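*Asks:* The sequence shown begins at 6 in this note's numbering and counts up by one.
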Amino acid sequence: MTSFKELVTLYDKLLETSKRLEKTFWLSDFLKKLELEELKKVVLLVQGRVFPRWNSQEIGVSSNLIVKLLAKASTFKEKEIEKLWSQLGDLGLVAEKIIVKKQQVTLFTKQLTITEVFNVLVKIPTITGTNSTDLKLNYLLNLLLNCSPQEAKYLVRTIIGDLRLGVGESILLDAINQAFLPKVIANSLDDTGCFLECPSCHEIIPVSSPNCPKCNFSLSSLKTVPPITNKQIITIEDLNDFYTKLSDLKSNVFIKTSKTKEISSEIKMILEDALNILNDFSELSVLAKTSSLKELYAVELKPLRPAKVMLYLKAKDLKDALEQLKPPVALEYKYDGFRVHIHKKDNIIRLFTRRFEDVTKQFPDVVKAARELMQADSYIIDCEVVGYDIKTKKYLPFQKISQRIKRKYNIHEMSKDFPVEVNAFDILYLNGKTLIKEKFSVRREKLVEVIKAKDKVLGPAKQKIVNNYEEAQAFYQESLDKGNEGVMVKSLDAIYKPGKRVGYGLKVKPVMETLDLVIVGAEYGEGKRAGLLTSFILACRDELGNLLEIGKVSSGFAELNSENKETYEEMTKKLKELIISESGLQVRVKPEIVIEVAYEEIQKSPTYSSGYALRFPRLVRVRYDKDVSEISSIDYIEQLYLQQRGRNLS
Ligand code: AMP
Numbered sequence: 006m007t008s009f010k011e012l013v014t015l016y017d018k019l020l021e022t023s024k025r026l027e028k029t030f031w032l033s034d035f036l037k038k039l040e041l042e043e044l045k046k047v048v049l050l051v052q053g054r055v056f057p058r059w060n061s062q063e064i065g066v067s068s069n070l071i072v073k074l075l076a077k078a079s080t081f082k083e084k085e086i087e088k089l090w091s092q093l094g095d096l097g098l099v100a101e102k103i104i105v106k107k108q109q110v111t112l113f114t115k116q117l118t119i120t121e122v123f124n125v126l127v128k129i130p131t132i133t134g135t136n137s138t139d140l141k142l143n144y145l146l147n148l149l150l151n152c153s154p155q156e157a158k159y160l161v162r163t164i165i166g167d168l169r170l171g172v173g174e175s176i177l178l179d180a181i182n183q184a185f186l187p188k189v190i191a192n193s194l195d196d197t198g199c200f201l202e203c204p205s206c207h208e209i210i211p212v213s214s215p216n217c218p219k220c221n222f223s224l225s226s227l228k229t230v231p232p233i234t235n236k237q238i239i240t241i242e243d244l245n246d247f248y249t250k251l252s253d254l255k256s257n258v259f260i261k262t263s264k265t266k267e268i269s270s271e272i273k274m275i276l277e278d279a280l281n282i283l284n285d286f287s288e289l290s291v292l293a294k295t296s297s298l299k300e301l302y303a304v305e306l307k308p309l310r311p312a313k314v315m316l317y318l319k320a321k322d323l324k325d326a327l328e329q330l331k332p333p334v335a336l337e338y339k340y341d342g343f344r345v346h347i348h349k350k351d352n353i354i355r356l357f358t359r360r361f362e363d364v365t366k367q368f369p370d371v372v373k374a375a376r377e378l379m380q381a382d383s384y385i386i387d388c389e390v391v392g393y394d395i396k397t398k399k400y401l402p403f404q405k406i407s408q409r410i411k412r413k414y415n416i417h418e419m420s421k422d423f424p425v426e427v428n429a430f431d432i433l434y435l436n437g438k439t440l441i442k443e444k445f446s447v448r449r450e451k452l453v454e455v456i457k458a459k460d461k462v463l464g465p466a467k468q469k470i471v472n473n474y475e476e477a478q479a480f481y482q483e484s485l486d487k488g489n490e491g492v493m494v495k496s497l498d499a500i501y502k503p504g505k506r507v508g509y510g511l512k513v514k515p516v517m518e519t520l521d522l523v524i525v526g527a528e529y530g531e532g533k534r535a536g537l538l539t540s541f542i543l544a545c546r547d548e549l550g551n552l553l554e555i556g557k558v559s560s561g562f563a564e565l566n567s568e569n570k571e572t573y574e575e576m577t578k579k580l581k582e583l584i585i586s587e588s589g590l591q592v593r594v595k596p597e598i599v600i601e602v603a604y605e606e607i608q609k610s611p612t613y614s615s616g617y618a619l620r621f622p623r624l625v626r627v628r629y630d631k632d633v634s635e636i637s638s639i640d641y642i643e644q645l646y647l648q649q650r651g652r653n654l655s
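1) Taking the C-alpha atoms as reference points, what is the distance between residue 621 and residue 584?
2) Compare the Cα-Cα distances from residue 96 to each of 42, 82 and 159 and report the closest residue.
3) Taking only heavy atoms of the ligand AMP into account, decide whether any of them is closer than 7 Å to the Cβ of residue 510.
4) Rounding to the nearest angstrom, what Cα-Cα distance links residue 89 and residue 551 in this structure?
5) Pop quiz: residue 541 and residue 527 are said to be a contact at Cβ under 8 Å. What is the actual Cβ separation, rounded to whole angstroms?
6) Find out if the Cβ-Cβ distance for the pair residue 462, residue 371 is shorter than 8 Å.
7) So, helix, strand or coil for residue 17, using DSSP?
8) In this structure, does DSSP put residue 656 in helix, strand or coil?
9) Output needed for residue 651: all residues of its chain with C-beta closer than 6 Å, excluding positions within five of it in sequence on either side, in chain order.
10) Check whether the Cβ of residue 338 sits closer than 7 Å to any heavy atom of the ligand AMP, and report yes or no.
11) When you compare only the Cα positions, how much space is there between residue 538 and residue 29?
12) Tell me whether residue 393 counts as near the ligand AMP, meaning its Cβ is closer than 7 Å to at least one heavy atom of that ligand.
13) Looking at residue 173: is its Cβ nearer than 8 Å to the Cβ of residue 549?
14) May I ask you to check if the CB of residue 641 is nearer than 7 Å to at least one heavy atom of the ligand AMP?
15) On a CA-only basis, which of 570, 165, 320 and 577 is nearest residue 492? Give me that one, please.
16) In the DSSP assignment, find the unbroken alpha helix (DSSP H) run with residue 274 in it and report its ends.
17) Should the region 118-135 be called in touch with the region 51-65, which here means at least 3 C-beta pairs below 8 Å?
18) Less than 8 Å between the CB atoms is what I'm expecting for residue 534 and residue 573, so what's the real figure, rounded?
19) Is residue 317 near the ligand AMP - that is, is its Cβ less than 7 Å away from at least one heavy atom of it?
20) Could you compute how far the alpha carbon of residue 499 sits from the alpha carbon of residue 449?
21) Would you kindly check if the distance between the Cβ of residue 347 and the Cβ of residue 375 is under 8 Å?
22) Identify, in the order they occur along the chain, each residue of the same chain with its Cβ nearer than 6 Å to the Cβ of residue 391, setting aside the five sequence neighbours on each side.
23) Would you identify the three-state DSSP class for residue 143, choosing helix, strand or coil?
24) So, at 6 Å on beta carbons, what are the nonlocal neighbours of residue 614 in its own chain, with the 5 sequence-adjacent residues on each side left out?
25) To the nearest angstrom, report how far apart residue 74 and residue 80 are at their CA atoms.
26) Verify whether the separation of the beta carbon atoms of residue 435 and residue 451 is less than 8 Å.
27) Of the choices 313, 556 and 277, whose alpha-carbon is the least far from that of residue 298?
28) Leaving aside the five residues before and after residue 627 along the sequence, list all residues of the same chain whose C-beta is less than 6 Å from its C-beta, in chain order.
29) Can we count residue 368 as close to the ligand AMP, meaning its CB is less than 7 Å from some heavy atom?
30) From what residue to what residue does the beta strand (DSSP E) around residue 346 run?
31) Can you look up residue 131 in the DSSP assignment and give me helix, strand or coil?
32) For residue 50, which of 103, 479, 125 and 69 has the nearest alpha-carbon?
33) Could you tell me if the beta carbon of residue 587 falls within a distance shorter than 7 Å of some heavy atom in the ligand AMP?
34) Where residue 46 and residue 304 are concerned, what is the direct C-alpha to C-alpha distance, given to the nearest angstrom?
Next up, the structure:
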């Protein structure tokens, strides 16, 4: 049993370095030593979570409850703890301080294990009912009283969802790769992505490390790659040969090849694809440790377990889209609703948003239609759900239908007043088989085949295969006339890549592109708006998932109750539950609420960590359906900035 102490020692090490290679090495070194059951837990814990990616549950303990917990665990009063919190700005540090004081009085009694900590944290959200707060406090208190100060710091940060080790999904994937997958032996010292054996301590390390992370041996003193000793080596000619030998390529195997870059990036891609299909780091790490690349390559989607959606890139205009994808291509209406995956297995039907929230209960009409119209035992289909007006039969704005997502009561009435139309545009799984490696044209054929009759409630998205610009332009106009946002242009040969923003489909819409940004902080207003959070600090993301601030937004919200817009009061209520720290009128919040923002212009700015700021930003809508991992990237913002400069110059 590995102790929690060993895990937090790893956390310290991970925080000590900002170097990606070192973080990856220490993490992989730790993962290698774990038993399977612990491995499953640690790959979640290092990301500050206890539920797999497909599970939208959270530990769900607020910062205020932690203040109560710390008061119970010490002689401090809640007020004193709040004061310490505002001085230190981090409840983890407050916990560390309080436990130091406590231990001067009593010595903690037992060494916690990773499993014990994990098991309590997953249990917390299952505790409900009248006494639930006290029960939760008792469980957490039991853990906290057995923590060292250092353990308490990380435990509290984990509970409130603010672990911040700088271990994004891509570092974790590299660490799993390094710990368990076959490694390509470097032929030369600049074979990035490949490995060599440290001549001093014999540790296997990435060739791009400047020093051996284990013994600090400087690799710059090497002239050639030292030989690998005592390892099972398989020689691979090329990619074809690689795929014929997949079942021999297991954990402890080393690969000798002249195609180092191709093979090592193929291994990385197999792992990443498997993650996006399984949507679960725990399962992925176990498979990586125990199976060959063949099994990893062949993982299947699991209906009823939410899957990641494929994302699309934006084309400048229709002409650009056709130039990129080369006709014949499929054009589809781009409906303005929200995305849903409909799953069926064992006669159970479930609807999931792209954030993996189960919205089955909110849409009994859709479940009924799927049950009646879909002729298959099991499937996963990708759809856009749009609301329409019963009288005019015209599509409704997204805001109207978003009321149905949030609705918990009177659901049946709601489905009569706000009927929806489900436009299925892809199929990922059918009757026991994963279809994502099939061409889009084949998937579309199967999709059309499997929907028994076209019905207003559920049908295949309107599609046309076009051969030239004129045909495309006519279809685009038709789509806009019907009240849609634009069109999707899709390559007929493309596979489906869950979780990836690949250019297999391009969106074309006439209006200026908005940005999806996450709220990371907020400021209280003054005067009439005192006590309300009225200005929201926004961030985009970089390729590693780090958040970079890009400005503040305060317009576009409603002062009074409104059907279509969020009020400051509603925003304040939501954000208060997410507060991590407060200082003066500013609060820092857990990055969870994604909003779509329109603006006049993107400008360069030294004020914000992204290096950009938005001129006249305003809220378009709160994107309850989007996850923080899906917000606009800094690369994309840079691209928009450059396009905009191009426009200004011409
Ligand atoms: P955006 O939200 O602007 O990034 O555009 C992509 C979104 O358009 C997808 O995630 C879907 O929710 C939506 N969409 C509407 N119609 C289609 C369609 N025919 N094919 C794919 N996505 C569609």
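Just so you know, even glycine gets a beta-carbon here, dropped at the ideal spot from N, CA and C.
Model, not experiment: these values are computed from the prediction.
*Replies:* Well, looking at it:
1) Position 616 of the sequence shown, counting from 1, holds the residue named residue 621. Position 579 of the sequence shown, counting from 1, holds the residue named residue 584. Note on geometry: alpha-carbon atoms of residue 621 and residue 584 lie some 26 Å from one another.
2) Here residue 96 refers to the residue found at position 91 of the sequence shown. Put simply, of 42, 82 and 159 the residue whose alpha carbon is nearest the alpha carbon of residue 96 is 159.
3) Working through the sequence shown from its first residue, we reach residue 510 at position 505. Flag set: Cβ of residue 510 near the ligand AMP.
4) If you number the sequence shown from 1, residue 89 lands on position 84. If you number the sequence shown from 1, residue 551 lands on position 546. Rounded to the nearest angstrom, the two C-alpha atoms are 28 Å apart.
5) Taking the sequence shown and counting its residues from 1, the one referred to as residue 541 is at position 536. Taking the sequence shown and counting its residues from 1, the one referred to as residue 527 is at position 522. At roughly 5 Å, the Cβ-Cβ gap stays under 8 Å, so residue 541 and residue 527 are in contact.
6) Taking the sequence shown and counting its residues from 1, the one referred to as residue 462 is at position 457. Taking the sequence shown and counting its residues from 1, the one referred to as residue 371 is at position 366. Contact: yes.
7) Sequence index remark: in the sequence shown, residue 17 carries index 12 (1-based). The answer is helix: DSSP assigns residue 17 an H, G or I state.
8) No answer is possible for residue 656: it lies beyond the span of the chain, which begins at 6 and ends at 655.
9) Here residue 651 corresponds to residue number 646 of the sequence shown, with the count starting at 1. Low confidence applies here, because residue 651 scores a pLDDT of 45, under 50, leaving its location unreliable and the question unanswered by this model.
10) For the purposes of this step, residue 338 is taken as the residue at position 333 of the sequence shown. Closer than 7 Å to some heavy atom of the ligand AMP: that describes the Cβ of residue 338.
11) Looking up residue 538 in the sequence shown gives position 533. Looking up residue 29 in the sequence shown gives position 24. Their backbone Cα atoms lie some 39 Å apart in a straight line.
12) For the purposes of this step, residue 393 is identified with residue 388 of the sequence shown, where counting begins at 1. It does not: the Cβ of residue 393 is nowhere closer than 7 Å to a heavy atom of the ligand AMP.
13) Counting from 1 along the sequence shown, the entry for residue 173 is found at position 168. Counting from 1 along the sequence shown, the entry for residue 549 is found at position 544. Yes; because the gap between Cβ atoms is below 8 Å, this pair is in contact.
14) As a position in the sequence shown, residue 641 is number 636, starting the count at 1. Answer for residue 641: no, Cβ out of range of the ligand AMP.
15) Position 487 of the sequence shown holds residue 492. Comparing Cα-Cα distances from residue 492 to each of 570, 165, 320 and 577, the minimum goes to 320.
16) Taking the sequence shown and counting its residues from 1, one reaches residue 274 at position 269. Residues 265-283.
17) The region 118-135 is in contact with the region 51-65.
18) As a position in the sequence shown, residue 534 is number 529, starting the count at 1. As a position in the sequence shown, residue 573 is number 568, starting the count at 1. For residue 534 against residue 573, the beta-carbon gap comes to about 7 Å, under 8 Å, which counts as contact.
19) Counting from 1 along the sequence shown, the entry for residue 317 is found at position 312. Flag set: Cβ of residue 317 near the ligand AMP.
20) As a position in the sequence shown, residue 499 is number 494, starting the count at 1. As a position in the sequence shown, residue 449 is number 444, starting the count at 1. Answer to the nearest angstrom: the Cα atoms are 11 Å apart.
21) Counting from 1 along the sequence shown, the entry for residue 375 is found at position 370. Counting from 1 along the sequence shown, the entry for residue 347 is found at position 342. Yes, these two residues count as a Cβ contact at 8 Å.
22) In the sequence shown, counting from the first residue as 1, residue 391 sits at position 386. Within the same chain, residue 391 has close Cβ partners 340, 342, 400 and 426.
23) Within the sequence shown, the letter at position 138 stands for residue 143. Of the three classes helix, strand and coil, the one that applies to residue 143 here is helix, per DSSP.
24) Walking along the sequence shown from the start, residue 614 turns up at place 609. Correct list, in chain order: 553 and 554.
25) In the sequence shown, residue 74 corresponds to position 69, counting from 1. In the sequence shown, residue 80 corresponds to position 75, counting from 1. Straight across, the Cα-Cα distance linking residue 74 with residue 80 is about 11 Å.
26) As a first step, residue 435 is located in the sequence shown; it is residue number 430 there, counting from the start. As a first step, residue 451 is located in the sequence shown; it is residue number 446 there, counting from the start. In this structure, residue 435 sits near residue 451, with a CB-CB distance shorter than 8 Å.
27) Counted from its first residue, the sequence shown places residue 298 at position 293. Among 313, 556 and 277, the Cα nearest to that of residue 298 is on 277.
28) Counted from its first residue, the sequence shown places residue 627 at position 622. Contacts found: 571 and 600.
29) Within the sequence shown, residue 368 is the residue found at index 363, counting from 1. Incorrect: residue 368 has no Cβ contact closer than 7 Å to the ligand AMP.
30) For the purposes of this step, residue 346 is taken as the residue at position 341 of the sequence shown. Start and end: 343-350.
31) What you label residue 131 is simply residue 126 of the sequence shown in a count that begins at 1. Three-state result, residue 131: helix.
32) Mapped onto the sequence shown, residue 50 falls at position 45. Selected option, being the one with the closest Cα: 125.
33) Along the sequence shown, one-based indexing puts residue 587 at 582. No, since every heavy atom of the ligand AMP falls outside the 7 Å radius drawn around the Cβ of residue 587.
34) The residue labelled residue 46 in the question sits at position 41 within the sequence shown. The residue labelled residue 304 in the question sits at position 299 within the sequence shown. Each residue's Cα considered, the two are about 21 Å apart.
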